[in-house]
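> One structure follows; several queries about it will come next.
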Amino acid sequence: MNIKKVLIANRGEIAIRVIRSCREMNISTVAVFSEADRNSLHVMLADEAYCIGPAPSNESYLVIDKIIEVAKTSGADAVHPGYGFLSENASFARKLKKQDIIFIGPTEKNIKDMGDKLSARELFKKAGVPIVPGSPGPVESEKDAIKVSKEIGFPVIIKASAGGGGKGIRVCLDEKELPSAFRACQSEGENYFNDSRVFIERFIQNPKHIEIQVFGDSHGNAVHFFDRECSVQRRHQKLIEEAPSVSVPEEVRQKMGEIAVTAAKSIKYEGAGTIEFIFDNSTKEFFFMEMNTRLQVEHPVTEMITGHDFVKEQIKVAQGKKLSVKQEQIEKKGHSIEIRVCAEDPISFIPCPGKIRRYRSPKGPFIRVDGYAYPGYKIPIYYDPMISKLIVWGKDRKDCLKVLNRALQEYMITGIKTNLVLHRNIIAHPKFKDGTYTTQFIENEFGERKQKDFFMYVDEHVFLISAAITAYKEEKRKDISKYNYQSQWKNTGRAQSMRTQ
Amino acid sequence: MLFEAESNKKKYTIHVNEGVLDWKIKIHQDKKEPIQYIVSKNDYQTLDKTISFIFKNSSYLIDVVGDGINYDVYTRGSYRSIKIFNDEMLLHESLRGGDSLSDDKELKSGMPGKILKVLVDKGDQVKAGEPILIMEAMKMENEMLATKDTKIKAVHVKEGQTVEADVKLISFS
């Protein structure tokens, strides 16, 4: 079946990303938006757009029935969920199918199998995927948590079974930290995902986050598109991603890819997926972490080095077609890095929503910006603070870093705090430059207590002079307006006399 | 015109004199020697509300957002929040005295968000480090802790309420 019209059940940059590929495939697009997103860019770019409720996502973007209703009234024959929101919601996939609407994503069973981290681990263990030592099942009580952790050995990581996006995850270095972390994970799991089950596993020190992009189709084929490294994280949320990883030797990359394909085939995976591994940089061992059954935020870096458009591939597979490429046809070329530009304080990482005054994105060779910000846009408080992704390509990593550095210097966002300046500091850091950074890189090198001067690119006096002259002009303006107010009659008289002449 | 400025926890005295062709800016930081800059108006222009400033032969594109006291200055991906007072404001400040509300008398919202849980009631005794309120802002759940042993004087918000930045949440006695 050919898809003619796609509803995008998302917002922000990913909604725009999907609209772009649809347009290239001659498919019409339907956007949905909350009351807070009336002026968001995806609403303006789609062929049609419908309001689906108030600002909080659980009253709009997460309400399945409202989205299905819009799909039906607009005549959309497929729904693309983007990432986040309903992208990994099995009942959403099921309900769409019931209405004969295609869900552009994996099967309901794929989502269920991989959504529960315990069952995912069991399934992949059977398929021969290496697993980190951990609790055999959900851990019920604090007492059990302590017992299991002692068996595995500290440090341990506690995870809510349905957790993700940095929610419901805590690291404990010793027994003391365990009880409160255990409780926090249970309650975050309960609050965010309606599932309070948690499990515990070994926390690997100096780890790297390496993931493999996979793709499957309904004909039993599966391929991989190499690896991405996403070790630059804060609060377990990714900040910078690159492809390929500098730390993975070619033969290990090959092995990881093969294992990922075997794993995907073992569950008859359909569509785009990512198998995340924790990678020990000293031993070059890797262990399965989880599988994300959606298109990832960082998919563009893989698109850049392989030349494949993953949204288009997703749509083709959803139509029941075979994958457009075979494994041996997939090649990588050069290096790509993505940075996530967030409306947040670069030092404390606290989100800073607000109104953007100036916005000028970088341009020129080998630069791609997937974003939704524009001058005058007010970033709502209800959603993710990420406003754009800056993706660059270079013939090798060194070249890529040069392009990225140039792009960061061109990027101008004013009116809100952003982490652009943090990114400039990160890519100038020796550990980032030589690729030895781990997932603790940000915490260790840029933590709040380190008191780094992020603003070294600008002379302090430049700030002071501009602020002082602006304050001076403001004072002057006040004085003049006072004067004008006192002589309103005089002004009017003068204006009148000018007119009659 | 004389200003007192505070930026990055450092204090400055700044003289601004406007000439016909240039700005004379004298910056004096605590015990350091004052530095005088003569900035030609040609080197400091305003283009479409953005400032184009040539400083030490390097061109900066600057955006300044201010409300009369607090100025946010953005340039080259960096920003500074600078407090600026002129003589008149300094007078008001000194009249108000040093009795401004200190941080440990009340808990304020650092940013807009939603109150998820209020864990204390009026009259409760709390210990330092004890969670008193859970607030959600941009998808992150933040537990707000008591900074010292104290008693809850008043709770100003309800669970489920959405608050703006810098709103009083809880008062301590």
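These protein sequences, in sequence, are chains A and B.
In this text, residue positions in the first sequence follow the working numbering: the first is 1, and each later residue adds one.
In this text, residue positions in the second sequence follow the working numbering: the first is 1001, and each later residue adds one.
We put the CB at the ideal spot given by N, CA and C, even for glycine.
Note that this is a predicted model, so its numbers are computed, not measured.
Do tyrosine 1074 of chain B and isoleucine 1082 of chain B come within 7 Å of each other at the CB atom, strictly closer than that value?
Position 82 of the second sequence holds residue 1082 of chain B. Position 74 of the second sequence holds residue 1074 of chain B. No, the Cβ-Cβ distance between isoleucine 1082 of chain B and tyrosine 1074 of chain B is not below 7 Å.
> Using the beta-carbon of each residue, which ones in chain B are nearer than 9 Å to glutamine 409 of chain A?
Here residue 409 of chain A refers to the residue found at position 409 when the first sequence is read from its first residue. Near glutamine 409 of chain A (Cβ distances below 9 Å), the residues of chain B are Arg1076 and Gly1077.
> Go to asparagine 191 of chain A, then tell me how far its beta strand (DSSP E) extends in each direction, as first and last residue.
Against the first sequence, residue 191 of chain A aligns to sequence position 191. That residue, asparagine 191 of chain A, is in no beta strand (DSSP E); its alpha helix (DSSP H) goes 178 to 193.
> Short check: CB of cysteine 22 of chain A to CB of phenylalanine 33 of chain A, under 7 Å?
Counting from one through the first sequence, the residue named residue 22 of chain A turns up at place 22. Counting from one through the first sequence, the residue named residue 33 of chain A turns up at place 33. No, these two residues do not count as a Cβ contact at 7 Å.
> Using a Cβ-Cβ cut-off of 7 Å, state whether arginine 424 of chain A counts as contacting chain B.
Numbered from its first residue, the first sequence carries residue 424 of chain A at position 424. Answer yes: the Cβ-Cβ gap between arginine 424 of chain A and chain B drops below 7 Å somewhere.
> How long is the line joining the alpha carbons of arginine 121 of chain A and asparagine 2 of chain A, rounded to whole angstroms?
For the purposes of this step, residue 121 of chain A is taken as residue 121 along the first sequence, with counting starting at 1. For the purposes of this step, residue 2 of chain A is taken as residue 2 along the first sequence, with counting starting at 1. In a straight line, the C-alpha of arginine 121 of chain A is about 35 Å away from that of asparagine 2 of chain A.
> Grab the span of the beta strand (DSSP E) containing glycine 1129 of chain B for me, first residue to last.
What you label residue 1129 of chain B is simply residue 129 of the second sequence in a count that begins at 1. Per DSSP, glycine 1129 of chain B belongs to no beta strand (DSSP E) and is neither H nor E.
> I want to see whether chain B comes within less than 7 Å of glutamate 229 of chain A, judged by CB atoms only; does it?
Mapped onto the first sequence, residue 229 of chain A falls at position 229. No, glutamate 229 of chain A does not count as interfacial toward chain B.
> Which same chain residues, not among the five before or five after alanine 407 of chain A, have their C-beta less than 7 Å away from its C-beta?
What you label residue 407 of chain A is simply residue 407 of the first sequence in a count that begins at 1. Result list for alanine 407 of chain A: Pro362, Ile367, Leu390 and Val392, in chain order.
> How do the segment 1049 to 1066 of chain B and the segment 426 to 440 of chain A stand: do at least 3 beta-carbon pairs fall below 8 Å, yes or no?
With a cut-off of 8 Å, the segment 426 to 440 of chain A and the segment 1049 to 1066 of chain B do not count as touching, because too few Cβ pairs lie within range.
> Using a cut-off of 7 Å between C-beta atoms, extract the partners of valine 1073 of chain B located in chain A.
Here residue 1073 of chain B refers to the residue found at position 73 when the second sequence is read from its first residue. Residues of chain A passing the Cβ test: Phe463, Ser466 and Ala467.
> Starting from the C-beta of isoleucine 27 of chain A, find all residues in its chain whose C-beta is less than 8 Å away, skip the five residues before and the five after it, and write them out in chain order.
Locating residue 27 of chain A in the first sequence gives position 27, counting from the first residue. Excluding residues within five positions, the ones whose Cβ falls inside 8 Å are Ile3, Lys4, Lys5, Val6 and Ile315.
> Please report the distance separating the alpha-carbon of aspartate 479 of chain A from that of lysine 473 of chain A.
Along the first sequence, read from residue 1 onward, the residue named residue 479 of chain A stands at position 479. Along the first sequence, read from residue 1 onward, the residue named residue 473 of chain A stands at position 473. Near 10 Å, if we compare the C-alpha coordinates of lysine 473 of chain A and aspartate 479 of chain A.
> Between which two residues does the alpha helix (DSSP H) holding proline 430 of chain A run?
Numbered from 1 along the first sequence, position 430 holds the residue referred to as residue 430 of chain A. Where proline 430 of chain A is concerned, the enclosing alpha helix (DSSP H) stretches over 430 to 433.
> When we look at the beta-carbon of proline 375 of chain A and count the other beta-carbons within 10 Å, is it buried (16 or more) or exposed?
Along the first sequence, read from residue 1 onward, the residue named residue 375 of chain A stands at position 375. By the 10 Å Cβ count, proline 375 of chain A comes out exposed.
> Checking contacts by CB at 7 Å: is alanine 471 of chain A closer than that to chain B?
Start at 1 with the first residue of the first sequence, and residue 471 of chain A comes out as number 471. Judged by the 7 Å Cβ criterion, alanine 471 of chain A is in contact with chain B.
> Does DSSP classify asparagine 110 of chain A as helix, strand or coil?
One-based indexing of the first sequence puts residue 110 of chain A at position 110. If DSSP states are grouped into helix, strand and coil, asparagine 110 of chain A belongs with the helices.
> Verify whether the separation of the beta carbon atoms of leucine 239 of chain A and arginine 360 of chain A is less than 7 Å.
Numbered from 1 along the first sequence, position 239 holds the residue referred to as residue 239 of chain A. Numbered from 1 along the first sequence, position 360 holds the residue referred to as residue 360 of chain A. The answer is no: Cβ separation not under 7 Å.
> For the alpha helix (DSSP H) that lysine 1011 of chain B lies in, which residues bound it at each end?
In the second sequence, counting from the first residue as 1, residue 1011 of chain B sits at position 11. Element bounds for lysine 1011 of chain B: not the alpha helix (DSSP H) but the beta strand (DSSP E), 1010 to 1018.
> Hey, is asparagine 1086 of chain B's beta-carbon within less than 7 Å of any beta-carbon in chain A?
The count along the second sequence starts at 1 and reaches residue 1086 of chain B at position 86. By this cut-off, asparagine 1086 of chain B is an interface position.
> Given this structure, state the Cα-to-Cα distance separating serine 218 of chain A from phenylalanine 286 of chain A, to the nearest angstrom.
As a first step, residue 218 of chain A is located in the first sequence; it is residue number 218 there, counting from the start. As a first step, residue 286 of chain A is located in the first sequence; it is residue number 286 there, counting from the start. Serine 218 of chain A and phenylalanine 286 of chain A: Cα-Cα distance of roughly 28 Å.
> Within 10 angstroms of the Cβ of aspartate 1067 of chain B, are there 16 or more other Cβ atoms? Answer buried if so, exposed if not.
Against the second sequence, residue 1067 of chain B aligns to sequence position 67. Flag for aspartate 1067 of chain B reads exposed.
> Name, going along the chain, the residues of the segment 69 to 91 of chain A whose beta-carbon falls closer than 7 Å to a beta-carbon of chain B.
Flagged: no residues at all.
> Quick one: is leucine 420 of chain A near chain B, going by C-beta distance under 7 Å?
Locating residue 420 of chain A in the first sequence gives position 420, where the first residue counts as 1. Answer yes: the Cβ-Cβ gap between leucine 420 of chain A and chain B drops below 7 Å somewhere.
> Measuring CA to CA, which of A:Ala260, A:Glu344, A:Cys185 and A:Ala318 is closest to serine 1078 of chain B?
As a working note, residue 1078 of chain B is residue 78 in the second sequence. Considering only alpha carbons, the answer is A:Glu344.
> Of all the options A:Gly271, A:Asn405, A:Ala78 and A:Gly105, which has the alpha carbon lying nearest to the alpha carbon of alanine 90 of chain A?
In the first sequence, the residue the question calls residue 90 of chain A occupies position 90. Nearest C-alpha to alanine 90 of chain A: A:Gly105.
> With a threshold of 7 Å on Cβ separation, who are the neighbours of leucine 1095 of chain B within its own chain once the five nearest residues in sequence on each side are excluded?
Against the second sequence, residue 1095 of chain B aligns to sequence position 95. Note that leucine 1095 of chain B scores a pLDDT of 48, beneath 50, so its modelled location is shaky; the value from the coordinates is reported in the next line. Excluding residues within five positions, none has a Cβ falling inside 7 Å.
> What's the call for arginine 11 of chain A, buried or exposed, on a 16-neighbour Cβ count within 10 Å?
Position 11 of the first sequence, counted from the start, is the residue given in the question as residue 11 of chain A. So arginine 11 of chain A ends up on the buried side.
> For serine 74 of chain A and tyrosine 372 of chain A, I'd like the C-alpha separation in whole angstroms.
Position 74 of the first sequence, counted from the first residue, corresponds to residue 74 of chain A. Position 372 of the first sequence, counted from the first residue, corresponds to residue 372 of chain A. Their Cα atoms are separated by approximately 24 Å.
> Kindly list the residues whose CB is nearer than 6 Å to the CB of glutamate 1164 of chain B, restricted to its own chain and excluding five residues on each side of it in sequence; keep chain order.
Here residue 1164 of chain B is taken as the residue at index 164 of the second sequence, counted from 1. So the qualifying residues of the chain are Pro1112.
> Since I believe lysine 1041 of chain B is in contact with methionine 1022 of chain B (beta carbons under 8 Å), could you give me their beta-carbon distance rounded to a whole number of angstroms?
In the second sequence, counting from the first residue as 1, residue 1022 of chain B sits at position 22. In the second sequence, counting from the first residue as 1, residue 1041 of chain B sits at position 41. For clarity, residue 1022 of chain B is aspartate in the given sequence; the question names methionine instead. Right, the Cβ-Cβ distance comes to about 6 Å (below 8 Å), so this counts as a contact.
> Run through the segment 10 to 56 of chain A for me and flag every whole beta strand (DSSP E) of 3 or more residues, listed as ranges in chain order.
With a minimum length of 3 residues, the continuous beta strand (DSSP E) runs that stay inside the segment 10 to 56 of chain A are 28 to 33 and 48 to 51.
> Determine the direct distance from the alpha carbon of histidine 1156 of chain B to that of glutamate 276 of chain A, and round the result to whole angstroms.
On the first sequence, residue 276 of chain A is found 276 positions in, with the first residue counted as 1. On the second sequence, residue 1156 of chain B is found 156 positions in, with the first residue counted as 1. Roughly 44 Å between the two C-alpha positions.
> So with CB distances below 7 Å, who are the chain B contacts of lysine 159 of chain A?
As a first step, residue 159 of chain A must be located in the first sequence, where it is residue number 159. What lysine 159 of chain A touches in chain B: nothing, since even the nearest Cβ is about 16 Å away.
> 7 Å is my cut-off, CB to CB: does glutamate 475 of chain A come that close to chain B?
Taking the first residue of the first sequence as 1, we reach residue 475 of chain A at position 475. Yes, glutamate 475 of chain A lies at the interface with chain B (some Cβ there is under 7 Å from its Cβ).
> What's the C-alpha gap between serine 266 of chain A and glutamate 201 of chain A?
Start at 1 with the first residue of the first sequence, and residue 266 of chain A comes out as number 266. Start at 1 with the first residue of the first sequence, and residue 201 of chain A comes out as number 201. Straight-line Cα distance between these residues: approximately 24 Å.
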